[in-house]
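A.B. asks: Numbering follows my numbering, with no gaps: position 388 of the sequence shown is 388. We treat Cβ as the ideally placed atom computed from N, Cα and C, and that holds for glycine. Have a look at the structure that comes next, please.
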Amino acid sequence: MITAQQKQVIDATLPLVEANAVNITSCFYPLMFERYPQVLEFFNQTNQQKGTQRQALANAVVAYAKHLDDLGGISDTVRLITQKHCSLGILPEHYPIVGECLLAAIAEVLSDVISDDILAAWGAAYGQLAEILIGVEEEVYQSNQLRSGGWKGAKGFKVIEKRPESDEITTFVLKPIDQNGPIDYTPGQYITLVQSLNDQVLRRNYSLSDAPGKETLQISVKREEGGLLSNFLHNEVNVGSGLMITAPCGDFTLHQSAKPLVLLTAGVGITPALSMLNAALDDHYIEGRDIHFIHCARNSSSHGFAKQVIQASLAHQQVSHTFIYSHPSKDDLDGLTGHADDFGFLTARHFEKHLKQMVDVELYVLGPKPFMQNALQLAADYGIPENQTHFEFFGPLEALNIERKITEAA
Ligand SMILES: Cc1cc2nc3c(=O)[nH]c(=O)nc-3n(C[C@H](O)[C@H](O)[C@H](O)COP(=O)(O)OP(=O)(O)OC[C@H]3O[C@@H](n4cnc5c(N)ncnc54)[C@H](O)[C@@H]3O)c2cc1C
Ligand code: HEM
Numbered sequence: 001m002i003t004a005q006q007k008q009v010i011d012a013t014l015p016l017v018e019a020n021a022v023n024i025t026s027c028f029y030p031l032m033f034e035r036y037p038q039v040l041e042f043f044n045q046t047n048q049q050k051g052t053q054r055q056a057l058a059n060a061v062v063a064y065a066k067h068l069d070d071l072g073g074i075s076d077t078v079r080l081i082t083q084k085h086c087s088l089g090i091l092p093e094h095y096p097i098v099g100e101c102l103l104a105a106i107a108e109v110l111s112d113v114i115s116d117d118i119l120a121a122w123g124a125a126y127g128q129l130a131e132i133l134i135g136v137e138e139e140v141y142q143s144n145q146l147r148s149g150g151w152k153g154a155k156g157f158k159v160i161e162k163r164p165e166s167d168e169i170t171t172f173v174l175k176p177i178d179q180n181g182p183i184d185y186t187p188g189q190y191i192t193l194v195q196s197l198n199d200q201v202l203r204r205n206y207s208l209s210d211a212p213g214k215e216t217l218q219i220s221v222k223r224e225e226g227g228l229l230s231n232f233l234h235n236e237v238n239v240g241s242g243l244m245i246t247a248p249c250g251d252f253t254l255h256q257s258a259k260p261l262v263l264l265t266a267g268v269g270i271t272p273a274l275s276m277l278n279a280a281l282d283d284h285y286i287e288g289r290d291i292h293f294i295h296c297a298r299n300s301s302s303h304g305f306a307k308q309v310i311q312a313s314l315a316h317q318q319v320s321h322t323f324i325y326s327h328p329s330k331d332d333l334d335g336l337t338g339h340a341d342d343f344g345f346l347t348a349r350h351f352e353k354h355l356k357q358m359v360d361v362e363l364y365v366l367g368p369k370p371f372m373q374n375a376l377q378l379a380a381d382y383g384i385p386e387n388q389t390h391f392e393f394f395g396p397l398e399a400l401n402i403e404r405k406i407t408e409a410a
């Protein structure tokens with residue numbers, strides 16, 4: 001419990017901690033991996049090297065310290081973190097490790113000004129946040145276990161189908177080794193694949209790319225140049241291979257709503273949108289709800305799932321689709337290959353043409369960061385409400401600079 005005095009200390013030192021937050025988290029990770037090498041395997045070392053995880057942790061700690069009186073203000077952040085933690089298998093016993101190393105990093109980076117009182121106040125704040133996260137994570141683990149086909153920890157699956165979707169995306173259909181029966185999850189959720197490779201354990205998230213309720217799970221993986229797990233999957237994993245997978249998690253999920261649904265994606269960001277599309281076509285989720293599927297690909301070679309989306313449009317009157325190629329081949333331009341409806345990048349014109357003045361929609365956006373920056377800014381300019389705009393990163397949350405016009409009250 002944070003005392004009133006400790007809260008004052010936190011408020012007074014917050015500007016200093018905020019200004020040094022990235023230095024603190026940069027000091028924290030190497031220190032923790034040296035003192036507690038057993039937690040190294042939970043962390044994606046690519047995110048460590050790119051610095052994205054460091055920034056995400058720093059932002060979360062600062063956001064929490066700013067909202068000590070109003071923890072509801074960080075509920076979205078808590079949901080994002082706890083879903084990610086549960087997917088990776090983070091447990092209560094890991095929290096003292098992070099707490100000890102975070103405080104040691106604060107003491108080291110702020111050594112000129114730090115006192116026992118300051119450290120004790122930040123220690124109490126960490127303890128309170130840890131308690132909140134542990135509590136929510138326990139609930140998530142329990143409800144994931146209670147769902148149809150649910151489980152906790154990494155469980156064995158067998159690949160029963162491997163299917164190329166484009167030059168760079170391959171789908172893997174996975175069946176649990178120990179059970180039959182429908183597996184429940186919310187469309188848009190992801191699993192973590194846990195794989196030993198070259199003396200290290202890798203954990204990578206993959207969104208489920210089909211509707212829930214089947215006896216199998218489906219992931220679709222883009223081959224990343226120089227990427228460890230994606231190349232292993234493309235090159236070494238075949239029908240009959242075993243994979244270890246954690247239960248579906250994630251908060252970028254399809255909300256039940258009657259509002260038109262706009263699924264706006266680029267590249268392999270299409271995967272959760274496919275799950276949402278397939279689920280939304282199920283009467284359980286919608287009846288007569290308009291669905292606009294807008295997808296941006298480089299060209300026909302990299303464009304996956306085109307036929308599946310076209311078939312959904314043909315079979316369901318309420319579904320429309322648009323494909324936009326940014327780097328078309330000559331054959332794409334001549335209409336000999338691919339399914340492009342337009343060429344270039346996503347612009348305001350596409351919103352106007354396909355949404356026809358509709359702004360009261362539920363919008364889901366996923367793709368590479370520059371695409372998300374552009375798409376979310378266009379959506380804001382077009383007038384789609386912020387609370388009806390949902391997005392996810394295929395990595396730690398990164399800052400986007402979206403400017404929203406302030407509308408004057410009538
Ligand atoms: C919620 C979520 C859902 C996801 N869903 C999907 C999905 O449906 N399909 C999918 O394909 N992916 C998805 N991803 C991404 C996926 O988890 C992996 O990040 C991706 O497959 C790459 O993993 P890898 O091991 O192949 O690459 P890594 O080895 O992690 O490398 C990734 C890239 O970074 C480069 N790199 C490595 N180190 C550095 C460095 N120090 N500096 C600069 N560049 C570096 C590599 O060359 C490579 O291009 C998702 C991620 C998240 C967080
Ligand atoms: C109060 C304590 C903690 C806070 C505030 C916190 C915060 C965060 C945040 C903000 C993210 C990024 C979420 C995203 O954008 O995807 C994250 C991811 C993660 N956290 Fe925590 N965390 C805490 C405790 C822990 C503990 C105890 C562990 C276990 C050792 C842990 C391990 C991880 C891992 C492995 C990831 C994913 C990293 C990656 O993608 O490389 N965290 N956490």
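What are the start and end residues of the beta strand (DSSP E) that includes Pro368?
C.D. replies: According to the DSSP assignment, Pro368 belongs to no beta strand (DSSP E), since it is labelled neither H nor E.
A.B. asks: What span of residues does the beta strand (DSSP E) with Ile160 cover, start to end?
C.D. replies: Lys155 to Pro164
A.B. asks: For a test of the three-state rule: what should DSSP assign to Ala315, helix, strand or coil?
C.D. replies: helix
A.B. asks: Out of Tyr206, Glu215, Leu217 and Asp251, state which residue places its alpha-carbon closest to the alpha-carbon of Leu229.
C.D. replies: Tyr206
A.B. asks: In whole angstroms, what is the alpha-carbon distance linking Glu224 and Asp116?
C.D. replies: Cα to Cα, Glu224 sits roughly 47 Å from Asp116.
A.B. asks: Does any residue of chain B bring its CB to less than 8 Å from the CB of Ile74?
C.D. replies: Here chain B cannot be found, since the structure has a single protein chain.
A.B. asks: Which same chain residues end up closer than 6 Å to Val319 when comparing Cβ atoms and leaving out the 5 residues on each side of it in sequence?
C.D. replies: Same-chain partners within the cutoff: Ile291, Ala312 and Ser313.
A.B. asks: Using the three-state DSSP reduction, which class does Gly269 fall into: helix, strand or coil?
C.D. replies: In this structure, Gly269 counts as helix in the three-state DSSP scheme.
A.B. asks: By the 10 Å Cβ neighbour count, where 16 or more other Cβ atoms means buried, how is Ile177 classified, buried or exposed?
C.D. replies: exposed
A.B. asks: Exposed or buried, which one is Lys307 when buried takes at least 16 other CB atoms within 10 Å?
C.D. replies: exposed
A.B. asks: Can you tell me whether Thr171 is helix, strand or coil according to DSSP?
C.D. replies: strand
A.B. asks: Could you please give the first and the last residue of the uninterrupted alpha helix (DSSP H) stretch that includes Ile384?
C.D. replies: Per DSSP, Ile384 belongs to no alpha helix (DSSP H) and is neither H nor E.
A.B. asks: Who are the near neighbours of Glu108 in its chain, counting only those whose CB is closer than 7 Å to its CB and skipping five residues on each side?
C.D. replies: Excluding residues within five positions, the ones whose Cβ falls inside 7 Å are Cys27.
A.B. asks: Could you tell me the distance, in whole angstroms, from the CA atom of Lys330 to the CA atom of His303?
C.D. replies: 15 Å
A.B. asks: Return the CA-CA distance between Ile169 and Lys162, expressed in angstroms with no decimal places.
C.D. replies: 11 Å
A.B. asks: Any chance the CB of Tyr126 is under 7 Å from a heavy atom of ligand 2?
C.D. replies: yes
A.B. asks: Can you tell me whether DSSP reads Ala467 as helix, strand or coil?
C.D. replies: This structure cannot speak to residue 467, because the chain is shown only from 1 to 410.
A.B. asks: In whole angstroms, what separates the C-alpha of Val194 from that of Pro248?
C.D. replies: C-alpha separation (whole angstroms): 13 Å.
A.B. asks: With hydrogens ignored, establish whether the beta-carbon of Tyr460 is closer than 7 Å to any heavy atom of ligand 1.
C.D. replies: The structure shown has nothing for residue 460, since the chain only spans 1 to 410.
A.B. asks: Counting along the chain, where does the alpha helix (DSSP H) carrying Leu80 start and finish?
C.D. replies: Ser75 to Leu88
A.B. asks: Which of the three DSSP states, helix, strand or coil, is assigned to Met244?
C.D. replies: strand
A.B. asks: Could you say which of His316, Asp251 and Arg204 lies nearest to Leu88 if we only look at CA atoms?
C.D. replies: Arg204
A.B. asks: Which complete alpha helix (DSSP H) runs does the stretch 2 to 82 hold, if anything under 4 residues is left out?
C.D. replies: 4 to 19, 21 to 35, 45 to 50 and 52 to 66
A.B. asks: State yes or no: is the C-beta of Leu202 nearer than 7 Å to some heavy atom of ligand 1?
C.D. replies: Yes; taking the cut-off as 7 Å, the Cβ of Leu202 has a heavy atom of ligand 1 nearer than that.
A.B. asks: I want to know whether the stretch 56 to 67 touches the stretch 6 to 22 - three or more CB-CB distances under 8 Å.
C.D. replies: Touching, yes, given that three or more Cβ pairs across the two stretches are closer than 8 Å.
A.B. asks: Given the structure, does Val39 come close to ligand 2, in the sense that its CB is under 7 Å from one of the ligand's heavy atoms?
C.D. replies: yes
A.B. asks: In its own chain, which residues sit with a C-beta less than 7 Å from the C-beta of Asp360, not counting the 5 before and 5 after it?
C.D. replies: Lys259
A.B. asks: Could you please give me the residues that DSSP links to Pro176 through a beta bridge?
C.D. replies: Partner(s): Phe157.
A.B. asks: Taking three-plus beta-carbon pairs below 8 Å as touching, is the stretch 344 to 358 in contact with the stretch 378 to 391?
C.D. replies: Contact holds: three or more Cβ-Cβ distances are below 8 Å.
A.B. asks: Looking at Pro396 and ligand 2, is the gap between the Cβ and the nearest heavy atom below 7 Å?
C.D. replies: yes
A.B. asks: Quick check: the Cα distance between Asn231 and Val365, rounded to an integer number of angstroms?
C.D. replies: 26 Å
A.B. asks: So which of Gly267, Ser111 and His255 has the shortest CA-CA distance to Ala280?
C.D. replies: His255
A.B. asks: How is Phe394 classed by DSSP in three states: helix, strand or coil?
C.D. replies: coil
A.B. asks: To test your reading of the DSSP string, which unbroken alpha helix (DSSP H) runs of 4 or more residues are found completely within the stretch 321 to 371?
C.D. replies: 330 to 333 and 348 to 355
A.B. asks: Phe252: beta carbon under 7 Å from a heavy atom of ligand 2?
C.D. replies: No, Cβ of Phe252 sits at least 7 Å from all heavy atoms of ligand 2.
A.B. asks: What did DSSP end up calling Val262 once you bin it into helix, strand or coil?
C.D. replies: strand
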